[in-house]
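2 protein chains.
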Amino acid sequence: MIRILAVDDERPIAELLRLSLGRAGYQCTCAYDGIEAANLIEKETFDLILLDIMLPGIDGFELMDYIRATNVPVIFLTAKNAVADRVKGLRMGAEDYIIKPFDVLELLARVEGVLRRHGKLQTLLQIGGLEINTLSMQVTRDGAELPLTRKEYDLLLLFAQNPGVVLSKSTIYERVWGGEYPESTRTVELHIQRMKKKAGWDDRIKPVYGMGYRLEG
Amino acid sequence: MIRILAVDDERPIAELLRLSLGRAGYQCTCAYDGIEAANLIEKETFDLILLDIMLPGIDGFELMDYIRATNVPVIFLTAKNAVADRVKGLRMGAEDYIIKPFDVLELLARVEGVLRRHGKLQTLLQIGGLEINTLSMQVTRDGAELPLTRKEYDLLLLFAQNPGVVLSKSTIYERVWGGEYPESTRTVELHIQRMKKKAGWDDRIKPVYGMGYRLEG
DNA sequence: CATCCACGGCCAGAATACGAATCATAAGAA
DNA sequence: TTCTTATGATTCGTATTCTGGCCGTGGATG
Numbered sequence: 017m018i019r020i021l022a023v024d025d026e027r028p029i030a031e032l033l034r035l036s037l038g039r040a041g042y043q044c045t046c047a048y049d050g051i052e053a054a055n056l057i058e059k060e061t062f063d064l065i066l067l068d069i070m071l072p073g074i075d076g077f078e079l080m081d082y083i084r085a086t087n088v089p090v091i092f093l094t095a096k097n098a099v100a101d102r103v104k105g106l107r108m109g110a111e112d113y114i115i116k117p118f119d120v121l122e123l124l125a126r127v128e129g130v131l132r133r134h135g136k137l138q139t140l141l142q143i144g145g146l147e148i149n150t151l152s153m154q155v156t157r158d159g160a161e162l163p164l165t166r167k168e169y170d171l172l173l174l175f176a177q178n179p180g181v182v183l184s185k186s187t188i189y190e191r192v193w194g195g196e197y198p199e200s201t202r203t204v205e206l207h208i209q210r211m212k213k214k215a216g217w218d219d220r221i222k223p224v225y226g227m228g229y230r231l232e233g
Numbered sequence: 017m018i019r020i021l022a023v024d025d026e027r028p029i030a031e032l033l034r035l036s037l038g039r040a041g042y043q044c045t046c047a048y049d050g051i052e053a054a055n056l057i058e059k060e061t062f063d064l065i066l067l068d069i070m071l072p073g074i075d076g077f078e079l080m081d082y083i084r085a086t087n088v089p090v091i092f093l094t095a096k097n098a099v100a101d102r103v104k105g106l107r108m109g110a111e112d113y114i115i116k117p118f119d120v121l122e123l124l125a126r127v128e129g130v131l132r133r134h135g136k137l138q139t140l141l142q143i144g145g146l147e148i149n150t151l152s153m154q155v156t157r158d159g160a161e162l163p164l165t166r167k168e169y170d171l172l173l174l175f176a177q178n179p180g181v182v183l184s185k186s187t188i189y190e191r192v193w194g195g196e197y198p199e200s201t202r203t204v205e206l207h208i209q210r211m212k213k214k215a216g217w218d219d220r221i222k223p224v225y226g227m228g229y230r231l232e233g
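Each protein sequence line maps, in turn, to chains C and W.
Going left to right, the first sequence walks through residues 17 to 233 as this note's numbering numbers them.
Going left to right, the second sequence walks through residues 17 to 233 as this note's numbering numbers them.
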């Protein structure tokens, strides 16, 4: 069951979110201010948070700071003409935003998109002799768990989600680290190297000279 | 990887474009005025350009003149009530336009549409007995992979995307290497030669004396 | 037929990309 | 706190690819 937290101080909106998402098969909890939201996030775990920017008490941006550490994807809700807010939100690590008033179908499409990108819709990925559980973030080979670090896992998942595709170093950097690729360092190579080794994918992930890396079938 | 250039002098908008497109899997670069855009277009190659009309310095229309020569599709960004601009833009060869403020989903839909019309979303290209997979960047003949270097691949793809068209050496240089064609070297001939050989296209790619090269059907 | 110039083929040095090892710092657990 | 682990910058070595120069060939032009 996928759990979603909807944070909005306007009760009718929050209720609308809860009902729409509930109908679509998600388990949705509501919070009506920043404090309540923070408490819930502390106490429970969610797969996705829908966050209104304008909140009494702690506002959405402050809450974002808090949420970011938990790595839970956030879609935030903004008023029609608050472009600056949207940018600020995306900068702060939000996955997407929805402009109020929103269409319920659009909402569902975006929720699904974000969940898919985070691998929360499909919980088991089998590839290259490995089994990746995207919910528990565990990777196993023949039932034995691989002790992967955070970056290694992210990398592994990126390749697993794009088998056969050449991923350039800048793409990899943007997807795993975020931000612009710093040409001068060898960070990406280094981590690919470590991940390959742990995953036993030394022959599977191959460098494509001058282009990037590819996970072969 | 599909590369998009977003030209807009309003930083928040440009940033919004970059983040949204980036999240959708495109590689997006920003320029904040006409000069910067022109320089980038000169230096790199893009698959699509998003162009704001109102720009300081060189405006969007002037830039359009410049871009048209490069054959890169353009989507205009216009203000809500600038109907005349829209018409002018389409007349000048823009592929589509988007009215600001725009919805990100709409933007993505239009971007996808334009890319599809230009065959840039196509991942499998079959020509001259070869099959080119632009995602895995692999070229196969009868199922056997051709070991191409980066420049060879870029060249092959350029010809494959322009069958029957005479490509001048300076055009080829600009598209594959970027920057101005250095008359004094034989780099282009050399690489075409190698590529032809590996691809088995010795009789397919023919020199057009004094003009360039053409891939014959 | 003679001349000019574009193009093909080849080579070696230059440039670049990648892998491995090492070290310093940051983040996290005990 | 202290210890451990994770992360990322740096350096070096090697393999691969790129490039410029030279020469030969052959088409274009008169």
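Heads up, the beta-carbon is just placed ideally off N, CA and C, and yes, glycines get one too.
Model, not experiment: these values are computed from the prediction.
Legend entry - Proximity test, Cβ basis, 7 Å: R102 (chain C) and chain W: yes
Inset, instruction - Identify every run of the alpha helix (DSSP H) within the stretch 79-131 of chain W, keeping only runs that are complete inside it and at least 4 residues long; order them along the chain. - result: 99-107
Inset, instruction - With a threshold of 16 other CB atoms inside 10 Å of the CB of R126 (chain C), please say whether the residue is buried or exposed. - result: buried
Inset, instruction - For the alpha helix (DSSP H) holding R157 (chain C), just list the boundary residues, first then last. - result: Per DSSP, R157 (chain C) belongs to no alpha helix (DSSP H); it is in the beta strand (DSSP E), 154-157.
Inset, instruction - Buried or exposed for E111 (chain C), please, with buried defined as at least 16 other CB atoms from any protein chain shown within 10 angstroms of its CB. - result: buried
Legend entry - Counterpart residues of N55 (chain W) in DSSP-defined beta bridges: N55 (chain W) pairs with nothing; no bridge assigned.
Inset, instruction - Go ahead and pull the three-state DSSP assignment for G50 (chain C). - result: helix
Legend entry - Contact list for G38 (chain W) against chain C, beta-carbon separation under 8 Å: E190
Legend entry - Status (buried if at least 16 other CB within 10 Å, exposed otherwise) for Q43 (chain W): buried
Inset, instruction - Report buried or exposed for Y189 (chain W), applying the criterion of at least 16 other Cβ atoms within 10 angstroms of its Cβ. - result: buried
Inset, instruction - Spell out whether any CB of chain C is found under 7 Å from the CB atom of L174 (chain W). - result: no
Inset, instruction - Below 7 Å CB to CB, which residues in the same chain sit around R34 (chain C) once its five sequence neighbours on both sides are set aside? - result: A22, C44, C46
Inset, instruction - Compare the C-beta of T86 (chain C) with all C-beta atoms of chain W and state if any pair is closer than 7 Å. - result: no
Inset, instruction - Taking only the alpha-carbon atoms, compute the straight-line gap between P179 (chain W) and R107 (chain W) and give it to the nearest angstrom. - result: 27 Å
Legend entry - Cα-Cα separation, L67 (chain W) to I57 (chain W): 12 Å
Legend entry - Closest residue to V224 (chain W) among W:D170, W:L123, W:S184 (Cα-Cα distance): W:S184
Legend entry - Endpoints, beta strand (DSSP E) assigned at A22 (chain W): 19-23
Legend entry - D170 (chain W) - DSSP class collapsed to helix/strand/coil: helix
Inset, instruction - To the nearest angstrom, report how far apart N55 (chain W) and E205 (chain C) are at their CA atoms. - result: 30 Å
Inset, instruction - Consider the C-beta atom of M108 (chain C) and the heavy atoms of the ligand NAD; say whether any pair is separated by less than 6 Å. - result: Absent from the structure shown: the ligand NAD. Ligands present: none.
Inset, instruction - Determine, using beta carbons only, whether P28 (chain W) and A95 (chain C) come nearer to each other than 7 Å. - result: no
Legend entry - Contact set between Q138 (chain W) and chain C, taken where Cβ atoms lie within less than 8 Å: The premise fails here: Q138 (chain W) is roughly 15 Å from chain C at the closest Cβ pair, so nothing lies under 8 Å.
Legend entry - Bridge partner(s) assigned by DSSP for T45 (chain W): W:L21
Legend entry - Through-space distance from L32 (chain W) to E196 (chain C), alpha-carbon basis: 15 Å
Inset, instruction - Determine the direct distance from the alpha carbon of D24 (chain C) to that of R102 (chain C), and round the result to whole angstroms. - result: 16 Å
Inset, instruction - Would you mind stating whether W193 (chain W) and G144 (chain W) have Cβ atoms separated by less than 7 Å? - result: no
Inset, instruction - Compute the Euclidean distance between the alpha carbons of L140 (chain C) and N87 (chain W), then round it to the nearest angstrom. - result: 44 Å
Legend entry - Chain-ordered chain C contacts of I29 (chain W) [CB-CB under 9 Å]: V99, V103
Legend entry - CB contact check: L141 (chain W) to chain C, cutoff 7 Å: no
Inset, instruction - Look up L35 (chain W) in the DSSP assignment and say whether it is helix, strand or coil. - result: helix
Legend entry - Pair within 7 Å by beta-carbon distance, I18 (chain C) and D63 (chain C): yes
Inset, instruction - Return the bridge partner residues of E228 (chain W) from the DSSP annotation. - result: The sequence given here places Gly at residue 228 (chain W); Glu does not occur at that position. Answer by DSSP bridge pairing, in chain order: W:V224.
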